[in-house]
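When we follow our numbering, the leftmost residue of the sequence shown carries the number -17, and every step to the right adds one.
Where a beta carbon is used, it is the ideal one built from N, C-alpha and C, also for glycine.
Given the structure is predicted, the values throughout are model-derived calculations rather than measurements.
Below is one structure, written out as structure tokens; comments come after it.
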Amino acid sequence: MKPNSILNTVGLLITAVVFSVIGAGDVHAQDNTPASETSAPQSTASKVLKQPCAGPSGILCPGGMKCIDDPSDKCDPTKDGINCVGICVAGAPASKVKQPCAGPSGITCPGGMTCIDDPSDKCDPTKDGVNCVGMCVAR
């Protein structure tokens, strides 16, 4: 096969996959059940997805949102620290829990904040280097 025909074939396959994925969301099964026999629609509150933040990956919230502890999990950020994943919420008050930064994962602080050594831990960045997790503070 010529290189151009291979590229054309690959391009067509990619296009087919993309349209299959995009179109799959619009496919709905139809049934002949009368409207009186169908169940009531579920509330939209149960369908709202929580956007994760923080945690070992240091995920940041989008602008205008803040990361708070997820009350539905069993992780306690005061004990488990960086291992706890939070949730993004709009208009949340500033968290009193220290937001971790740096460390082995290289977590960065959100805009307007800088990473400093956490004076409450026993880790000395001059001795332990990258293994020390810091904390984010306002600039």
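Item                                                                                                                                             : Value
Given that a residue counts as buried once 16 or more other Cβ atoms are within 10 Å of its Cβ, and exposed if not, what is S102?                : exposed
State buried or exposed for D62, treating a residue as buried only when at least 16 other CB atoms are found within 10 Å of its CB.              : exposed
If you draw a straight line from the alpha carbon of G46 to that of C70, how long is it in whole angstroms?                                      : 10 angstroms
Consult DSSP for T90 and reduce its assignment to one of helix, strand or coil.                                                                  : coil
In its own chain, which residues sit with a C-beta less than 6 angstroms from the C-beta of D100, not counting the 5 before and 5 after it?      : G116, M117
For the putative contact between V112 and T96, defined by C-beta atoms under 8 angstroms, what is the C-beta separation to the nearest angstrom? : The Cβ separation is near 17 angstroms, so there is no contact.
Tell me which residue opens and which closes the alpha helix (DSSP H) that K48 is part of.                                                       : Premise fails: K48 lies in the beta strand (DSSP E), 47 to 51, not in any alpha helix (DSSP H).
I think G68 touches C35, with their Cβ atoms under 8 angstroms apart; what is that distance to the nearest whole Å?                              : 5 angstroms
At what residues does the beta strand (DSSP E) containing D99 begin and finish?                                                                  : 95 to 99
According to DSSP, simplified to helix, strand and coil, what is P34?                                                                            : strand
What residue range is occupied by the uninterrupted alpha helix (DSSP H) comprising P59?                                                         : 59 to 62
When the Cα atoms are used, what is the spatial distance from C83 to K32?                                                                        : 22 angstroms
Which value, in whole angstroms, describes the spacing of the CA atoms of C43 and C91?                                                           : 11 angstroms
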